[in-house]
Structure formats: C-alpha cells, structure tokens
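Read in order, the letters of the sequence shown correspond to residues 6 to 221 in the working numbering. Input: a single structure, listed below in structure tokens.
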Amino acid sequence: HEIDNNFNPEEFDPTRLGYALTAYKEYAPLRVDSEKPNRFWRTQRWGRTLELIILDSRTERLPSKKQYISGEQMEWLKSRLLNTPARFKFIVNTVPIAKFPIDNPDGWSGYDSQRNEILGYIESHEIKHVYWLSGDMHAAMVFDLGAGGWDLVASPIGQLQIGAWDVLSALDEVKYINGNVNNYMLVTADPTHDPPQVRISLRTDDGSEIYSQTFQ
Numbered sequence: 006h007e008i009d010n011n012f013n014p015e016e017f018d019p020t021r022l023g024y025a026l027t028a029y030k031e032y033a034p035l036r037v038d039s040e041k042p043n044r045f046w047r048t049q050r051w052g053r054t055l056e057l058i059i060l061d062s063r064t065e066r067l068p069s070k071k072q073y074i075s076g077e078q079m080e081w082l083k084s085r086l087l088n089t090p091a092r093f094k095f096i097v098n099t100v101p102i103a104k105f106p107i108d109n110p111d112g113w114s115g116y117d118s119q120r121n122e123i124l125g126y127i128e129s130h131e132i133k134h135v136y137w138l139s140g141d142m143h144a145a146m147v148f149d150l151g152a153g154g155w156d157l158v159a160s161p162i163g164q165l166q167i168g169a170w171d172v173l174s175a176l177d178e179v180k181y182i183n184g185n186v187n188n189y190m191l192v193t194a195d196p197t198h199d200p201p202q203v204r205i206s207l208r209t210d211d212g213s214e215i216y217s218q219t220f221q
C-alpha cells in the first residue's frame, strides 16, 4: 500500500514509482544502503537466538515471468536460512506462504515455482526452526507447513475483519484461525531457557490473549 494497492512494478509509471520510493524511504525508519538505495530486503540478528529475515516481495516482482522475488533475493534468503548461527529463523513475509484452497494470484500461491523452490530447499537441507511472519489477511492464523516450518499470521489491528476465513479451520494444516477480532502478535525469544525457546501470543486490540504456542 505504500505505493499502490496490489502494486505491480511492470505496470507502474517509472517516474511516479521513483517519487513513491523516495517518499517511502523518507517516511519509514529505514537504513538505506547507499550503493543499493532501492533494495529493501535485509536481516537483523540477535546473537545465536533469532534472526529476522525481511523480504521484499513487491518492488522486484515480475508477474509476466512468475517472479515473486528476484533471483538474487532468493539466493540470499537460502543462504541466510542455511548459514545463520541463530536457532530461530523468522521470515518477515507479506501474505501467507501457506497454500489456500482459494485462488490468490497476487500471493505466493500465484507463484508456485518460487514457492515450491524455497519450501523444497528448506526441506531438502533439513533446516529447522523456520517461521514465516505474515499479515494482510484480516484474520489471525497459524499454519503448520510441515518441513517448511510454520506460517504465523496476524492482522488487522484497526481495520475490518474477515470472518469468512474461519471456514479454513477444517484444513489439517490450520492450527488456529480467527477472523472475527482485531489482533496482533507478540513474539518473545528466550535464549536463557534450556533449550532456547520462542513463544508467540496472538492478542486482541485490548491486549487479551486468544492463542499462544511455544517453540523450542
């Protein structure tokens, strides 16, 4: 939404896009890379406990080539997942990577090749403790992706809710879903626990907990 709803770089006026990206960087508290000022994917690590891998699934997207993220970003993502010394790998995602029974050409499910590539990489390299932090669905959701990790979804905190998503509760991979409350997610990493653990807490807009789960 920073540039346009369901923004497609292939169909957007380049001049307007340049102004939009400049405005975004001036408004948002981002560290801008002087050599690659329009590269938004990045990482932040807290010792050996947790690494936050932040994706950009918009500005490098090429729908005509079924490219959700650039090849360079994909290889960087794989490298961070494989080589980070952190136990817990949290991928900051836009929309869920979990597969929905409803067609969504604007999300990961509309880019099956890259979706299968990254999930297959995680599985084939037996990378553990991978968690996708997603939003945009106007509902609280928790998906078990099997070898691909977990997809943890929170939203919205102040917009409309979509209770119709509750029909997905019948799916085996759905461990929790609630489309009837404004919500947010609190993630707490505890490196002092033996073994280290991460606890997620889905909460309503007044702070009441509606779901929690602990991962070790």
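Ideal Cβ positions, reconstructed from N, Cα and C, are used throughout, including at glycine.
Considering only C-alpha positions, which residue in the set the options is nearest to residue i?
i: Gly52; options: Tyr216, Asp195, Ser213 and Thr209; result: Asp195
i: Ser118; options: Ile74, Leu82 and Phe148; result: Ile74
i: Gly115; options: Leu35, Pro101 and Ala25; result: Pro101
i: Leu191; options: His198, Ser213, Ser174 and Tyr181; result: Ser213
i: Val97; options: Asp141, Asp108, Gly76 and Ile8; result: Asp141
i: Leu165; options: His143, Thr193 and Ile127; result: His143
i: Trp113; options: Pro19, Leu60, Thr20 and Gln221; result: Leu60
i: Gly163; options: Asp9, Gln78, Glu77 and Asp211; result: Asp211
i: Ser139; options: Ile127, Asp171, Gly154 and Leu87; result: Gly154
Taking the alpha helix (DSSP H) that residue i falls in, what are its first and last residues?
i: Tyr32; result: Pro19 to Tyr32
i: Met190; result: Unbroken run through Met190 is the beta strand (DSSP E), Asn188 to Asp195; no alpha helix (DSSP H).
i: Tyr126; result: Asp117 to Ser129
i: Gln202; result: Taken as a continuous stretch (DSSP letters only), Gln202 belongs to no alpha helix (DSSP H), being part of the beta strand (DSSP E) at Gln202 to Thr209.
State buried or exposed for residue i, treating a residue as buried only when at least 16 other CB atoms are found within 10 Å of its CB.
i: Val203; result: buried
i: Asp156; result: buried
i: Pro34; result: exposed
i: Ala159; result: buried
i: Ile123; result: buried
i: Val135; result: buried
i: Ala103; result: buried
i: Val147; result: buried
i: Pro161; result: buried
i: Pro110; result: exposed
Would you identify the three-state DSSP class for residue i, choosing helix, strand or coil?
i: Asn10; result: coil
i: Glu16; result: helix
i: Leu138; result: strand
i: Leu60; result: coil
i: Gln72; result: strand
i: Asn88; result: helix
i: Leu67; result: strand
i: Lys104; result: coil
i: Lys94; result: strand
Between which two residues does the beta strand (DSSP E) carrying residue i extend?
i: Arg53; result: It is not in any beta strand (DSSP E) - Arg53 carries neither H nor E in the DSSP assignment.
i: Asp156; result: Trp155 to Val158
i: Asp149; result: Ala145 to Asp149
i: Glu214; result: Glu214 to Phe220
i: Asn183; result: Val179 to Asn183
Among the residues of its own chain, which have a CB less than 8 Å from the CB of residue i, if the five just before and after it don't count?
i: Ile215; result: Ala145, Asn183, Val186, Asn188, Leu207, Arg208 and Thr209
i: Glu56; result: Thr48, Gln49, Arg50, Arg85, Thr89, Ala91, Phe93, Lys94 and Phe95
i: Pro14; result: Leu22, Arg63, Thr64, Glu65, Arg66 and Leu67
Please list, in chain order, all residues of the same chain as residue i whose beta carbon is under 7 Å from its beta carbon, the five residues on each side excluded.
i: Ser62; result: Tyr73, Ile74 and Thr99
i: Asp38; result: Arg44
Please find out if some non-hydrogen atom of the ligand NAD comes closer than 7 Å to the beta-carbon of residue i.
i: Pro161; result: Ligands are entirely absent from the displayed structure, and the ligand NAD is therefore not among its contents.
Just to confirm my understanding: we take residue i, look at its own chain, exclude 5 residues before and 5 after, and list those with CB closer than 6 Å. What are they?
i: Lys83; result: Tyr126
i: Phe220; result: Val203
i: Glu178; result: Phe148 and Asp149
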